[in-house]
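Chemist: Take the sequence shown: its letters are residues 5 to 151, numbered as in the numbering used here.
Ideal Cβ placement from N, Cα and C applies to all residues, glycine included.
Quick one: the structure is below, questions incoming.
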Amino acid sequence: MGSSTAESEVFIPLAEWLDNQGYQFFVHVPNAHRSVEGYARLYERYPSHTITIGSYRPDVVGFTPSNRVFAVEVKGTESLRKGLGQTLCYLRGADYAYLAAEETAIKQIQDVAISKGIGTFGVNQDTQSVVQDHPSSSEMKDLLWLW
């Protein structure tokens, strides 16, 4: 995997991608991180939230264009197993739950995430692009929503 990617290096391009896709969302930036350059930009640009699901506060909470609730846990290349556990918890309080991480790192746990009903966002820090993968259960939720 090589060098480590910081969470903020994933968070910023993900937030910009969500914004460009037209999602309405809120970010959680802990007070301790607000002075860090990347996090400060997030806090200044996007509205924040204080929502907890279980004992965790998602990094991003928002609404899809069909008004479904989604929650995202953002990691860099570290703590992906912890992030997977947090994201599993988010399924209790959101229609969709996603784990976002550096693109190469997320591929290592993507099959496990998808099998548990968790979607993924892989962020390429060089191109600032985002690749998303959804579990098949999310397609069923959207179909049921249309009925």
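Fully enclosed by the region 45–126, which alpha helix (DSSP H) runs are 4 residues long or longer?
Modeler: When DSSP assignments are scanned along the region 45–126, the uninterrupted stretches of alpha helix (DSSP H) that are 4 or more residues long and fall wholly within it turn out to be 84–94, 107–111 and 114–119.
Chemist: Let me check understanding here. Comparing Cα to Cα, which of Ser119, Thr68, Ala75 and Tyr100 lies closest to Gln28?
Modeler: Thr68
Chemist: Would you mind reading off the limits of the alpha helix (DSSP H) that contains Val14?
Modeler: Glu11 to Asn24
Chemist: Counting Cβ pairs, one atom from each stretch, are 3 or more of them under 8 Å apart for the region 6–21 and the region 124–139?
Modeler: Between the region 6–21 and the region 124–139 there are three or more C-beta pairs closer than 8 Å, enough to call the two in contact.
Chemist: Please report the Cβ distance between Gly80 and Ser140, rounded to the nearest whole angstrom; I am assuming they are in contact, meaning their Cβ atoms lie under 8 Å.
Modeler: Actually they are not in contact, since the Cβ atoms of Gly80 and Ser140 sit about 28 Å apart, beyond 8 Å.
Chemist: Can you list, in chain order, the residues of its chain whose CB lies under 7 Å from that of Gln114, leaving out five sequence neighbours each side?
Modeler: Thr124 and Asp137
Chemist: Apart from the five residues on each side of it in sequence, which residues of its chain come closer than 7 Å, Cβ to Cβ, to Met144?
Modeler: Confidence at Met144 is low in this model, with a pLDDT of 44, below 50, so the placement of that residue should be treated as unreliable; the coordinate-derived value is given next. Here the set comprises nothing.
Chemist: Can you grab the Cα-Cα spacing for the pair Tyr102 / Thr131, in whole Å?
Modeler: 21 Å
Chemist: Below 7 Å CB to CB, which residues in the same chain sit around Ala117 once its five sequence neighbours on both sides are set aside?
Modeler: Leu88, Leu103 and Thr124
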